[in-house]
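Working notes, beginning with the structure itself.
Residue numbers (this note's numbering): 73 to 329.
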């Protein structure tokens with residue numbers, strides 16, 4: 073009996089560590105994909121989302137926070153810094169107006185950004201720490217959970233009102249319209265759990281099981297988004313990396329919520 077409890081605890085710790093690795097490495101992939109994206113735009117004489125002088129400071133801050141989070145040095149503080157950096161850069165890109173995206177693409181981009189910010193807030197609360205020396209901040213974790221709930225609401229909204237997202241599900245998942253409605257209800261129920269704070273661990277476990285196939289079949293279908301929907305290749309790769317980061321946040325809440 074004791075061996076079963078020990079093996080279960082070891083598996084949970086392993087999954088928690090995996091979630092932390094995926095989430096803390098997300099800024100590295102985000103910076104790399106942005107550099108590749110802006111290099112492609114430079115060849116076509118198109119501007120980046122953020123003016124170049126500020127862009128370097130933004131990426132430097134992201135890499136700095138990600139590095140300290142990855143090494144576990146003052147992880148809570150740098151997770152909070154990563155959340156703040158991502159919020160500021162997203163706001164600067166939004167008000168800058170240098171690049172115009174379709175409304176459906178804005179929902180996809182900003183909802184994932186909100187979810188990643190929520191994941192960093194969960195990490196800043198102390199969740200995901202194997203050897204916790206300080207008590208967990210429940211307020212930060214609750215705020216992060218709310219951000220993840222907002223992301224799920226946006227996903228459910230896109231399934232109902234975004235032709236692009238609906239076709240992605242219809243073309244790559246069996247079940248047709250019935251499957252879309254099932255996903256809509258499921259995302260809505262999970263969003264309510266995260267927003268209300270009830271059954272969060274169970275909701276995170278369901279989300280952690282749901283995200284890998286959805287990420288692989290929907291977000292991972294780069295040909296559909298790039299060739300059919302004209303999403304820039306490296307922009308889609310950035311979204312794909314953010315989906316992996318969201319999966320990491322779900323793993324943390326599912327095993328250490």
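The beta-carbon is built from N, C-alpha and C at its ideal position, and this holds for glycine as well. Small disclaimer: the values here were computed from a predicted structure and weren't measured.
Straight-line gap, residue i to residue j (C-alpha atoms, nearest Å)
i	j	result
residue 218	residue 267	5 Å
residue 141	residue 150	6 Å
residue 285	residue 276	15 Å
residue 271	residue 265	6 Å
residue 179	residue 230	8 Å
residue 232	residue 282	19 Å
residue 269	residue 215	10 Å
residue 245	residue 263	22 Å
residue 114	residue 328	43 Å
residue 199	residue 316	18 Å
residue 207	residue 223	27 Å
residue 146	residue 274	29 Å
residue 299	residue 96	31 Å
residue 252	residue 112	35 Å
residue 250	residue 204	44 Å
residue 144	residue 235	42 Å
residue 148	residue 259	29 Å
residue 117	residue 295	24 Å
residue 287	residue 220	16 Å
residue 261	residue 89	27 Å
residue 225	residue 80	32 Å
Assumed close pair residue i, residue j - CB separation to whole angstroms, cut-off 8 Å
i	j	result
residue 323	residue 91	3 Å
residue 119	residue 170	4 Å
residue 155	residue 196	7 Å
residue 290	residue 240	5 Å
residue 103	residue 124	Not really, about 14 Å apart at Cβ, beyond 8 Å.
residue 242	residue 248	6 Å
residue 122	residue 153	About 18 Å; that fails the 8 Å criterion.
residue 98	residue 313	6 Å
Which listed residue (the options) has its alpha carbon closest to that of residue i
i	options	result
residue 176	197, 238 and 154	238
residue 84	243, 172, 202 and 148	202
residue 138	126, 100 and 168	100
residue 166	81, 185 and 211	185
residue 257	227, 242, 236 and 243	227
residue 326	144, 87 and 81	87
residue 302	172, 148 and 80	172
residue 126	164, 221, 287 and 225	164
Problem set entry | Stretch-stretch touch, CB-based, cutoff 8 Å, three pairs: the region 108 to 119 with the region 300 to 310 | yes
Exercise. Counting Cβ pairs, one atom from each stretch, are 3 or more of them under 8 Å apart for the region 311 to 325 and the region 183 to 192?
Worked result: yes
Exercise. In chain order, which continuous runs of the beta strand (DSSP E) of length 3 or greater are located wholly inside the region 281 to 312?
Worked result: none
Exercise. Do three or more CB pairs link the region 155 to 162 to the region 127 to 136 at distances below 8 Å?
Worked result: yes
Problem set entry | alpha helix (DSSP H) runs wholly inside the region 224 to 256, at least 4 long, in chain order | 235 to 244
Problem set entry | alpha helix (DSSP H) segments (min. 4 residues) lying fully within the region 168 to 232 | 175 to 196
For this session: Return the chain-ordered ranges of every beta strand (DSSP E) run that is complete within the region 101 to 154 and spans a minimum of 3 residues.
Result: none
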